[in-house]
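Read the structure below first, then the notes.
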Amino acid sequence: MTLETIEFELWTLFEQSQQGDKQAYKQLLQRMSTLIRAYLRRRLTRQEADVEDLVQEVLLAVHTKRHTYDVSQPITAWMHAITRYKLIDFWRRAGRLSEHGLSDEGATALVGESSIEVFEARKDLEQVMSQLSQAQQQVITLVKLQGESVAYAAQHLGMTESAVKVHTHRGLRKLASLLGVKL
């Protein structure tokens with residue numbers, strides 16, 4: 006699924022939910038929770054309980070701040086901005102910022118650039134990934150970008166775990182080659 010497809014799907018569900026469609030709102034929250042969970046899992050490894058708590062915090066913030074969404078901007082950028090702020094708040098509450106000598110600015114740099122820069126980077130990544138085989142795109146998206154397990158990807162795509170690992174390895178090597186990175 007491309008970023009444009011995700012954007013369109015989320016925006017459509019958001020608009021429908023703003024018109025009172027409860028089923029669209031439920032689907033929107035489910036889709037957002039999957040994206041938020043993957044983002045947080047990459048930053049909070051081995052802290053699944055914290056990830057789930059933060060997913061709920063972000064979804065609550067999305068609900069209470071939905072009036073702040075600017076329809077001229079990507080909805081994923083808005084959602085990721087909320088997620089980043091909640092992650093920084095989590096680190097602040099847990100004492101992890103001062104414990105590691107990080108300021109709020111340092112934490113912001115640690116979790117990523119501005120939402121627009123993230124959106125543009127994802128578009129660039131999609132252009133490069135379009136040069137991979139469909140199987141390589143699917144496994145890299147599931148395992149590396151969404152943070153799913155190899156076992157989940159294998160089951161979801163109807164492959165063996167070994168095939169998922171091979172497609173991931175070959176796809177990453179091809180991406181490195183396309184980007185001029187030596188391994």
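Positions in the sequence shown are counted from 1; adding 5 to them yields this note's numbering. Virtual Cβ for every residue (Gly too), placed ideally from N, Cα, C.
- Beyond the five residues adjoining it in sequence on each side, Q160 comes within less than 8 Å, by CB distance, of no other residue in the same chain.
- Counting C-beta pairs with one atom in each stretch, the segment 164–181 and the segment 138–156 have three or more that are closer than 8 Å, which means they touch.
- Counting of Cβ neighbours within 10 angstroms places F13 among the exposed residues, the total staying below 16.
- Look at T10 here: in three-state DSSP terms it is helix.
- Less than 8 Å separates the beta-carbon of T88 from that of V63.
- Bounds of the alpha helix (DSSP H) holding G176 are 166–183.
- Going by C-alpha positions, V60 is about 6 Å away from I41.
- Around the beta-carbon of K70, fewer than 16 other beta-carbon atoms lie within 10 Å, marking it exposed.
- Taking S22 as the centre and dropping the five residues before and after it, the same chain places the C-beta of A29, Y30, L33 closer than 7 Å to its C-beta, in chain order.
- The alpha carbon of G185 has as its nearest neighbour, out of A43, V133, L147, Y157, the alpha carbon of V133.
- Excluding sequence positions up to five before and after E153, its CB lies within less than 8 Å of the CB of A43, L147, H161, all in the same chain and listed in chain order.
- Selection R98, H174, T81, R47 evaluated against T10 yields T81 as nearest (Cα-Cα).
- By a beta-carbon distance limit of 8 Å, R36 does not contact L49. Their separation comes to about 21 Å.
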